[in-house]
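Please read the structure below before turning to the comments.
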């Protein structure tokens, strides 16, 4: 999440990786180094694909920016995994929307 004044922008792990890789390793602090290591290990797609998936999830499935980023970070592959993941949200998604989320993920990875 990037805060600029009162606006929050959520970014996925692959997008964070790109930003952290731009920092000179000699000048980065321990937190930046650990975060980059995490981002390298847990990025499941490229930053470009992550942005595309997130954009489509928001536009076609009605997810918020935050929800879309959460899905992009996990990239669930099954209905069961997706249901467990989205159970914590304060809204119930119809099966049709869940199917569409899984299709968008499958089409982009």
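In the numbering used here, the protein residues as written are 3 to 111.
Just so it is clear, CB atoms sit at the ideal spot from N, CA and C, and this is done for glycine as well.
All values reported here derive from a predicted model rather than from experimental measurement.
Distance, residue j Cα to residue i Cα
i           : j          : result
residue 109 : residue 26 : 35 Å
residue 10  : residue 37 : 20 Å
residue 112 : residue 28 : Here the chain covers residues 3 to 111 and nothing more, so residue 112 does not appear.
residue 31  : residue 41 : 15 Å
residue 105 : residue 20 : 26 Å
Residue i (DSSP reduced to helix, strand or coil)
i          : result
residue 10 : strand
residue 37 : helix
residue 21 : helix
residue 90 : coil
residue 97 : helix
residue 82 : helix
C-beta atoms of residue i and residue j nearer than 8 Å
i          : j          : result
residue 17 : residue 52 : yes
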